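Everything on this sheet refers to the single structure shown next.
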Amino acid sequence: MFANNNIGIDFVGSETGGPPSLSDQDNQGHPGYRIDEIAR
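The opening residue of the sequence shown carries number -5 in my numbering; numbering runs sequentially from there.
Dropping the structure here:
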């Protein structure tokens, strides 16, 4: 949807990682947490 409309996406965060096919590997992911635990 974004690519079809020529809209760029920039992931941000202090962590990096992911599969090599992911061009932007910035993220704020922390293993072991679920979204319902973060929202508390």
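Where a beta carbon is used, it is the ideal one built from N, C-alpha and C, also for glycine. Computed from a predicted model, the values in this text were never measured in an experiment.
Of the listed residues the options, nearest to residue i (C-alpha basis)
i	options	result
valine 6	Ser17, Asn(-2), Ala(-3), Asn(-1)	Ser17
glycine 11	Ile29, Met(-5), Pro25	Pro25
Three-state class that DSSP yields for residue i in the structure shown
i	result
aspartate 4	coil
aspartate 20	strand
Nearest-angstrom Cβ-Cβ length linking residue i and residue j, presumed shorter than 8 angstroms
i	j	result
asparagine 21	glutamate 31	In fact, because the Cβ distance is near 17 angstroms, the residues do not count as touching under 8 angstroms.
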